[in-house]
Each structure stands twice: as structure tokens, then as C-alpha cells.
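A.B. asks:
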Amino acid sequence: LRSPTWPDPMADRGKHTFTYSIYTHPGTVTEGSTIRRAQELNIPLSACLSDSHNGTLPAKYSFFDVNTPGVILETVKKAEDDNSIIIRCYEAFGKDSDAMLSFFKEPKSIVETDLLENKTLDHKVTGKSLALKFKKFEINEETGSFKNMHNIKFPTFPYIGSKYGHSKKTEYGITASKSPYQVRKPF
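Quick note: the sequence shown uses this note's numbering, first residue 38, plus one each step.
#1: Cα separation between Glu-154 and Ala-116?
#2: Which stretch, first to last residue, makes up the beta strand (DSSP E) that contains Leu-167?
#3: With 8 Å as the threshold, decide whether the Cβ of Asn-91 is near any Cβ in chain D.
#4: How would you call Leu-152, buried or exposed, if buried means at least 16 neighbouring beta carbons within 10 angstroms?
#5: Measuring CB to CB, does Ser-166 end up less than 8 Å from Ser-139?
#6: Determine which residues share a DSSP beta bridge with His-90 and list them.
#7: Using C-beta distances below 7 Å, list every residue in its chain close to Arg-39, excluding the 5 sequence neighbours before and after it, in chain order.
Written out as C-alpha cells, the structure is:
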């Protein structure tokens, strides 16, 4: 922390809380699943209570998934301007990768968007998955429209660090098992 005096004379002052972990592993960062372990540390399980009911989902159910270890499904959120769902992935291992993004049901439409949610490319919808190509460290954002999603309420999760006093809540997500967007405990 630098505690600068400009432009905010009170910047970085006060009590700060940090979370850190020492993670020993064999091999390289990619071989040791370091990015996955960092997500486990920084995105803890968020549980929502519900009344007892039979339900319609199986014990394990993935809303969205990526089949390539080096491609991280980082964000699932509601689009700013409509009821579409934004799915943001990035390539984390520093190499070109092919990945398959799987959906919980066949989408009505899928478009690639930039980070400001402007449409850049239409995809032809064929089933419940989409093949993606990533350049090293590339961020990819897809926007999906799904039938009968108008009544779905996304739970809001605060940004990482909110338990330390921040209150900005704009990202949406579903906490998970293989990625932070499946039902069950992460990883």
C-alpha cells in the first residue's frame, strides 16, 4: 500500500485485511492447477437456502462449462441491455487453445461480443455447445439468449473483497463445482 495523498488524500488509509495462501505443487504453474486453486481461495462457495422440495435437477448439474483446463469460465452475468446472458472466458496458460463451451440447454442465439457488450460476430446455433478458438491470454465474451429465461432471477454476488466492506454489486453468477458457474461446491 502506498497511501498517496493525491487525488484522494485519504487513499489506502485505515484497516486492511488480506487473504493469502502458500500453495506448493509439483511442476509448473499450469501443471500444479494453480489458477484453479486461486479461484477456490478467492471465490468461496456461496450457498442459498431454499425450502425443502423434490426439485427437477439432478444431484450435479452444469449451467455452463468449458472442457479445456487452460480456458477459464470467469463470468456469467445478465446483459446490461436485455435478458441475454453474458459468458466470459479467458485463456490462462499462455498458449493457443480450442475449447468447447457447453450450455444447460440449446440457446436461441449466441453472439460474440466485446467487453462493452457490442455484438462482433453471430454464431450459428447447433445444439447445446459452441466451439471456440483462443489465442494466448485472449478474453472471449459470448452473449446467449435462451427460451423461457424471462422469469429467471440471477442472484447477485458482490465483487471479491466485499466481505471487507465494499458494497458494489453488479456481477451475476451461479456458484459451482468444476467452474464457478455450476451447482455445488467449487472444484
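Glycine included, each C-beta is placed from N, C-alpha and C at the ideal position.
C.D. replies: Working from what's here:
#1: Here residue 154 corresponds to residue number 117 of the sequence shown, with the count starting at 1. Here residue 116 corresponds to residue number 79 of the sequence shown, with the count starting at 1. Approximately 8 Å, taken between the alpha carbons.
#2: Looking up residue 167 in the sequence shown gives position 130. It spans 166-171 - the beta strand (DSSP E) in which Leu-167 sits, taken as one unbroken run.
#3: Any reference to chain D falls outside this structure, which holds one protein chain only.
#4: Along the sequence shown, read from residue 1 onward, the residue named residue 152 stands at position 115. The residue in question, Leu-152, is exposed, as its Cβ has fewer than 16 Cβ neighbours within 10 Å.
#5: Taking the sequence shown and counting its residues from 1, the one referred to as residue 166 is at position 129. Taking the sequence shown and counting its residues from 1, the one referred to as residue 139 is at position 102. Closer than 8 Å, so yes.
#6: In the sequence shown, residue 90 corresponds to position 53, counting from 1. Answer is none; His-90 lacks a bridge partner.
#7: For the purposes of this step, residue 39 is identified with residue 2 of the sequence shown, where counting begins at 1. Answer for Arg-39: Asp-49, listed in chain order.
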